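Engineer: In the UniProt record's numbering, the protein residues as written are 1 to 318.
For glycine and all other residues, C-beta sits at the position ideal for the given N, C-alpha and C.
From a predicted model like this one, the values you see are computed outputs, not experimental measurements.
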């Protein structure tokens, strides 16, 4: 089968199209004939071995696919790698039926990025009706869904940040009340101004560096910052516990795999909720571009340049 493999760690240049044997499912797994592959920012970290879970060589990256099982069922699945290929194996309980009215783009947008947005707002930040929410990288895969979820769940004011006028316009179309430049020199002042001069209640942050530093300073008492990535590859400044105490601030980290350690079927609840909202027309996926499997390197280059919006997909037939 056609696949993309990494045999040495590095940037997009290490993504190499190859021919590999088809994977064989073990007990509790299902084989999926892949129709489309989702591309996530985490894939770029996996390729350079800077992800939270260490990578082992050789590897086929990719954590999400949509396709058909042997009995013809259409599913979207979360994977432990191996997604950049014509066929992939997934745990049976990590493969979710896709409603007929939900297209591949939407299904792939929800399995990682949609569920991440859902968990950030529901579990990490505990959004309450009327609270202000800042969504950094609001035109990206997680951000574009987080903006819509925050509005659907009654946020008082949604403040989007993005790096270009076109991305800020998209965030406004998705329901943000105001959109500001993510490259602002003083992020604290920018967020306060965007919120009518008042500190903000919630910040969803996957940028790191000075963006995180400025966002923490913009939080209101009992404000929460949910940190789920570091796209800038820049570490924020260390946080002193006395400052958290002095401002009643909460800083939460969120890594998606930990959802499977929770009691009950929280991930299944998130997927069902997202599919229902999409079917009702309350949220939608944003297409970020489709590449052939052989063009995986170009997709990673676009992601790392932070020039993309919405959800990127790979077509295994090309």
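Tell me, which residues are paired with residue 96 by DSSP?
Structural biologist: Answer is 76.
Engineer: In terms of alpha-carbon separation, which member of 294, 29, 204 and 132 lies closest to residue 162?
Structural biologist: 204
Engineer: Can you tell me which of the three DSSP states residue 143 falls into?
Structural biologist: helix
Engineer: Kindly give me the distance between the Cβ atoms of residue 79 and residue 64, rounded to whole angstroms, as I take these residues to be in contact under 8 Å.
Structural biologist: 6 Å
Engineer: Just to check my reading of the structure: residue 41 and residue 120 have Cβ atoms closer than 8 Å, yes? What is that Cβ distance to the nearest angstrom?
Structural biologist: Actually they are not in contact, since the Cβ atoms of residue 41 and residue 120 sit about 15 Å apart, beyond 8 Å.
Engineer: To the nearest angstrom, report how far apart residue 22 and residue 255 are at their CA atoms.
Structural biologist: 29 Å
Engineer: For residue 108, which residues in the same chain have their Cβ closer than 7 Å to its Cβ, ignoring the five residues on either side in sequence?
Structural biologist: 36, 38, 64, 66, 76, 311 and 313
Engineer: When you compare each of 125, 211 and 318 to residue 225 by their alpha carbons, which one comes out closest?
Structural biologist: Selected option, being the one with the closest Cα: 125.
Engineer: Have a look at the DSSP bridge pairing and note the partners of residue 120.
Structural biologist: DSSP lists no partner for residue 120.
Engineer: How would you call residue 142, buried or exposed, if buried means at least 16 neighbouring beta carbons within 10 angstroms?
Structural biologist: buried
Engineer: Any beta-carbon of chain D closer than 8 Å to the one on residue 67?
Structural biologist: Among the chains in the structure shown there is no chain D, since it carries only a single protein chain.
Engineer: May I ask you to report which of helix, strand or coil DSSP gives residue 210?
Structural biologist: helix
Engineer: When burial is assigned at 16 or more other CB atoms within 10 Å of the CB, is residue 87 buried or exposed?
Structural biologist: buried
Engineer: If I measure Cβ to Cβ from residue 302 and keep anything under 6 Å in the same chain, skipping five residues before and after, which residues do I get?
Structural biologist: 308
Engineer: Going by beta carbon distance, what residues of the same chain come within less than 8 Å of residue 19, once the five residues before and after it are set aside?
Structural biologist: 1, 2 and 3
Engineer: DSSP state of residue 259, grouped into three classes?
Structural biologist: helix
Engineer: Based on Cα-Cα distance, which residue from 6, 11 and 89 lies nearest to residue 31?
Structural biologist: 89
Engineer: How would you call residue 82, buried or exposed, if buried means at least 16 neighbouring beta carbons within 10 angstroms?
Structural biologist: buried
Engineer: Could you tell me the boundaries of the beta strand (DSSP E) in which residue 30 lies?
Structural biologist: 29 to 39
Engineer: In whole angstroms, give me the CA-to-CA distance for residue 197 and residue 188.
Structural biologist: 11 Å
Engineer: Can you tell me whether residue 190 sits near the ligand ZN, meaning its C-beta is under 7 Å from at least one heavy atom of the ligand?
Structural biologist: Questions concerning the ligand ZN fall outside what the structure shown contains, since it holds no ligand whatsoever.
Engineer: Should residue 223 and residue 200 be called a contact, given that it needs their Cβ atoms to be closer than 8 Å?
Structural biologist: yes
Engineer: Please go through the same chain and pick out, in chain order, the residues whose beta-carbon is closer than 8 Å to the beta-carbon of residue 97, but skip the five residues on each side of it.
Structural biologist: Cβ neighbours of residue 97 beyond the five flanking positions: 73, 74 and 75.
Engineer: By the three-class DSSP mapping on this structure, what secondary structure does residue 285 have?
Structural biologist: The DSSP-derived three-state label of residue 285 is coil.
Engineer: Going by beta carbon distance, what residues of the same chain come within less than 8 Å of residue 60, once the five residues before and after it are set aside?
Structural biologist: Setting aside the 5 residues that flank it on each side, residue 60 is surrounded in the same chain by 3, 4, 5, 6, 20, 81, 82, 83, 84 and 85, each with a C-beta closer than 8 Å to its C-beta; the list follows chain order.
Engineer: Can you tell which of 241, 288 and 315 has the C-alpha that lies nearest to the C-alpha of residue 144?
Structural biologist: 288
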